[in-house]
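Comments concern the structure below.
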Amino acid sequence: MSYRFDFDLLEQISPFSFILDESLAVVHQGKMMDRLNPEMLIFPDAFLIEEPAGIVLTDFPSLLAFVGRPCIIRSRKGPVWPKLAGNFTFSTKNNFLVFSGSPKFTEGAMSGIAPYSSERPASADEEEKSDDVSDLKKEENQQIRTQQKFYDMILDNIPADVAVFNPNFEFQYINARAIRNPELRNWLIGRNELDYWRYKGQPLDKGYKRIEGFQNAIKDKERTIVEEVLFPGTPEEKTFWRITHPYFEGEQLVCLLTYGVEVTDLKKSNDELLRKNNELVKINAELDTFVYSVSHNLRSPLTSIRGLANLILSYDLSKSEQINYVQEIQHSIDRLDRTIMDIIDYSKNARLDVIQVTLDPEEIVRNAFQDVKYYNKTNVICTLSKKGEVAFVSDLKRINSLVTNLVSNSIKYHDPEKPDPFLDIAIDLTDESCKLVFTDNGIGIPKVKQERVFDMFYRASNRFQGTGLGLFMAKEIVKKLHGQISLDSEEGKGTTITVILPNLHGKDPKTAGS
Amino acid sequence: MKRKFIFIDDDPICNMISMQITRNEFPEADMSIFESARLALAHLEEMNEGEGGMKTLIFLDLNMPEMNGFEFLEEFSKRMDSLTDVEVRVLTSSIDDRDRIRVSNYAFVSGFHSKPFDPSYT
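In structure tokens:
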């Protein structure tokens with residue numbers, strides 16, 4: 001006659017009971033146990049012996065030693081689970097160990113149990129009453145174990161640090177990716193973030209910050225993100241997001257599901273995107289202004305041409321008047337062309353790289369004097385002095401353009417009232433820089449206009465139909481060469497423009513003037 | 515009523531066009547041309563004391579060196595009280611709406627026209 005356990009009776013007498021076989025697998029557990037710890041499969045995996053202290057469960061005989069002794073067992077899931085006080089009995093008939101106990105509730109205990117449905121399927125109840133209950137249970141356990149392995153595998157390999165906290169912010173579950181060391185992982189169950197950072201011997205502020213994230217998640221009943229930066233300010237800097245999902249049942253907080261993901265690359269590209277976007281907004285605004293200025297300055301001679309053509313077509317004009325108007329059309333076309341060329345120069349200066357060559361500033365100045373002879377009809381006396389005999393390396397085209405520009409300005413705006421108009425250029429060359437000082441006794445620039453003369457399309461004087469781009473270009477070229485340009489002028493007396501350009505001789509081309 | 519046209523523009527070609535058209539289309543009208551807004555302002559101050567009974571139309575360019583059209587409008591608005599029968603119309607190659615809006619702040623500005631000058635602007 002086979003021995004038969006009356007499970008129903010046992011459950012009535014002791015709902016907090018379970019039965020272990022020789023492999024320490026649970027062959028049956030009371031209804032209340034099922035609620036407490038539905039996935040309990042192997043007793044030592046699920047429980048610790050808390051009292052008597054210092055007992056480590058390894059096998060069936062080590063547990064046999066406890067038969068008849070009062071003990072307290074504690075769930076490895078942490079302090080929210082009630083401890084059980086009771087004792088083991090041994091059934092010699094089928095080598096079962098039977099634990100029967102009663103819960104010892106501690107503060108906060110039980111609140112973490114809710115998420116599981118404690119209802120077992122009705123068919124399972126039926127089967128338990130059959131004779132082969134232990135076999136069926138074993139098979140069922142085997143299936144559950146396989147499933148558990150499957151889910152553990154998923155959770156451990158998911159590319160995120162996963163942890164579940166109870167409402168007291170104590171760890172209930174940690175995946176292997178978050179904490180690799182299984183002993184530490186076990187130790188942490190029932191402990192909190194601060195314990196973890198204390199264990200790591202690190203400041204607790206990170207722990208406090210995470211707990212703050214939990215509190216916010218609970219308060220807002222919403223996912224919260226806490227950003228953490230590791231090794232800030234170093235090339236190894238890493239950014240993590242700790243994301244907390246509060247899990248509520250009705251108004252009752254059940255647990256906090258948290259996961260951490262590395263967002264370093266995302267953050268980097270996000271920051272980069274933001275920076276580039278700001279840059280683009282700025283460039284767009286500049287472009288807008290540029291387009292308006294340019295279109296205005298291109299339209300201006302065009303409207304003249306249209307007006308002149310209308311005059312010729314609309315009125316009965318003398319031959320000389322007609323010739324005069326056609327000549328004015330030509331002047332307007334020239335002005336339009338000059339403006340377009342200047343804008344192209346501006347664009348070239350902005351886009352093209354600095355080309356470094358050894359050059360002679362003296363020669364450049366002499367060439368410029370030669371170039372302006374055409375409109376230097378009043379014979380402004382041009383003189384040149386030079387100090388320093390070292391090799392000078394810079395960008396030939398840009399310096400040519402700069403010098404020609406400033407020389408022609410002095411010629412154009414000379415003072416016809418003065419008997420001896422002059423332009424004097426002094427070059428001071430050192431290993432570090434080339435200083436060019438342009439001094440003239442021209443008409444000068446009134447103080448109120450001096451700060452605007454370097455602006456695009458700004459014309460301080462009406463004497464010439466200039467494009468308003470001369471000094472603007474000079475400033476842009478000097479900027480490109482990482483130099484300085486300054487102006488000192490007095491209306492009626494003259495102007496001094498000082499340009500200082502770095503000497504790129506012997507400098508690394510990569511770091512110089514890009 | 516006799517009319518007077520005042521053109522204020524730093525561009526001599528534009529002025530020449532305006533002058534030629536005025537001479538042909540409105541031979542009876544008075545005409546003054548200023549390449550500098552400052553000089554035009556000084557002239558208007560003198561006019562304030564003397565001339566009367568004449569409707570004056572000022573055609574004003576905006577983009578000018580020294581004193582630009584906006585600066586002129588600002589100065590002009592301060593002296594406006596004593597001047598009757600004076601209207602200002604902007605004559606510009608600007609296509610910037612911001613200029614149009616800025617100019618509309620001055621109630622005495624009665625037009626915003628694109629260059630070149632046309633008899634229909636009067």
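Quick note, the sequences are listed as chains A and B, same order.
Residue numbering for the first sequence follows the numbering used here, starting at 1 and increasing by one per position.
Residue numbering for the second sequence follows the numbering used here, starting at 515 and increasing by one per position.
Just so it is clear, CB atoms sit at the ideal spot from N, CA and C, and this is done for glycine as well.
Q | Segment contact, 8 Å Cβ cut-off, at least three pairs: the segment 348-355 of chain A with the segment 386-393 of chain A | A | no
Q: Let me know the beta strand (DSSP E) ranges lying completely inside the segment 429-476 of chain A, each 3 residues or longer, listed in chain order.
A: Fully enclosed beta strand (DSSP E) runs of no fewer than 3 residues occupy 433-440 of the segment 429-476 of chain A, in order along the chain.
Q) So is A/Ala53 buried or exposed if we call it buried at 16+ other beta carbons inside 10 Å? A) exposed
Q: Determine the chain A residues that contact B/Ser607 at a beta-carbon separation under 8 Å, and present them in chain order.
A: His296, Arg299, Ser300, Leu302 and Thr303
Q: Return no unless some Cβ of chain A is closer than 8 Å to the Cβ of B/Pro541.
A: no
Q.
The alpha helix (DSSP H) that contains A/Gln370, what's its start and end?
A. Pro361 to Asp371
Q: Can you give me the Cβ contacts of A/Asp371 inside the same chain, cut-off strictly under 7 Å, excluding the 5 residues immediately before and after it?
A: Thr404
Q | Distance between A/Pro82 and A/Glu193 (C-alpha atoms, nearest Å) | A | 22 Å
Q: Indicate whether A/Thr498 and A/Gly442 have their beta-carbon atoms separated by less than 8 Å.
A: no
Q. Buried or exposed: A/Arg180, going by 16 or more other Cβ atoms within 10 Å of its Cβ?
A. exposed
Q: Per DSSP, which residues does B/Leu605 bridge with? Please list them.
A: B/His627
Q: For the beta strand (DSSP E) holding A/Gly213, just list the boundary residues, first then last.
A: It is not in any beta strand (DSSP E) - A/Gly213 instead sits in the alpha helix (DSSP H) that spans Asp205 to Asp220.
Q: Given a cut-off of 8 Å, decide if A/Asp195 and A/Asn175 are closer than it, judged by their beta-carbon atoms.
A: no
**Q.** B/Ser628 versus A/Pro301, A/Ser75, A/Tyr151 and A/Lys348, residue with shortest Cα-Cα distance
**A.** That would be A/Pro301, whose Cα lies nearest to the Cα of B/Ser628.
Q.
Taking 8 Å as the threshold (beta carbon to beta carbon), is A/Arg338 in contact with chain B?
A. no
(Q) Suppose the cutoff is 7 Å on Cβ atoms and the five residues either side in sequence are ignored; what does the same chain contact list for A/Arg210 look like? (A) Glu193, Val226 and Arg242
(Q) DSSP has B/Met545 in a bridge; who is on the other side? (A) B/Phe519
Q: With a 10 Å radius around its C-beta and 16 neighbouring C-beta atoms as the bar for buried, classify A/Leu473 as buried or exposed.
A: A quick correction: the sequence has Met, not Leu, at residue 473 of chain A. When all chains shown are included, A/Met473 counts as buried.
Q. When the Cα atoms are used, what is the spatial distance from A/Arg306 to B/Pro630?
A. 7 Å
(Q) With a threshold of 8 Å between beta carbons, is B/Asp643 in contact with chain A? (A) Outside the displayed range of chain B (515 to 636) lies residue 643 of chain B, so it cannot be described from this structure.
Q) Quick one: is A/Lys348 buried, meaning 16 or more other Cβ sit within 10 Å of its Cβ, or exposed? A) For A/Lys348, the number of other beta carbons within 10 angstroms of its own is below 16, and it is reported as exposed.
Q: Identify every run of the alpha helix (DSSP H) within the segment 143-208 of chain A, keeping only runs that are complete inside it and at least 4 residues long; order them along the chain.
A: 182-188 and 193-199
**Q.** Residue environment, A/Leu266, which counts as buried when at least 16 other CB atoms sit within 10 Å
**A.** exposed
Q: Leaving out five residues on either side along the sequence, give the residues of the same chain with a beta carbon under 7 Å from the beta carbon of B/Phe626.
A: So the list reads Val604, Arg614 and Val617, once near-sequence residues are dropped.
Q: Please report the Cβ distance between B/His557 and B/Ser546, rounded to the nearest whole angstrom; I am assuming they are in contact, meaning their Cβ atoms lie under 8 Å.
A: Confirmed, about 7 Å.
Q) Would you report the Cα separation of B/Glu580 and A/Pro235, rounded to the nearest angstrom? A) So the two alpha carbons sit approximately 55 Å from each other.
Q. Apart from the five residues on each side of it in sequence, which residues of its chain come closer than 6 Å, Cβ to Cβ, to A/Met110?
A. Its pLDDT being 42, under 50, A/Met110 is placed unreliably in this model, and the coordinates cannot settle the point.
Q) Under the rule that 16 or more other beta-carbon atoms within 10 Å means buried, what is A/Ala517, buried or exposed? A) Residue 517 of chain A lies beyond the residue range present for chain A, which begins at 1 and ends at 514; the question has no answer from this structure.
Q) Measuring CA to CA, which of A/Gly470, A/Phe18, A/Ala217 and A/Val229 is closest to A/Tyr247? A) With respect to the C-alpha of A/Tyr247, the residue from A/Gly470, A/Phe18, A/Ala217 and A/Val229 having the closest C-alpha is A/Ala217.
Q. How is the alpha helix (DSSP H) around B/Glu475 delimited, first residue to last?
A. Because chain B spans 515 through 636 in this model, residue 475 of chain B falls outside it and cannot be assessed.
Q) Which word fits A/Phe214, buried or exposed, when buried means at least 16 other C-beta atoms lie within 10 angstroms of its C-beta? A) buried
Q: Give the range of the alpha helix (DSSP H) segment to which A/Ile323 is assigned.
A: Lys319 to Arg351
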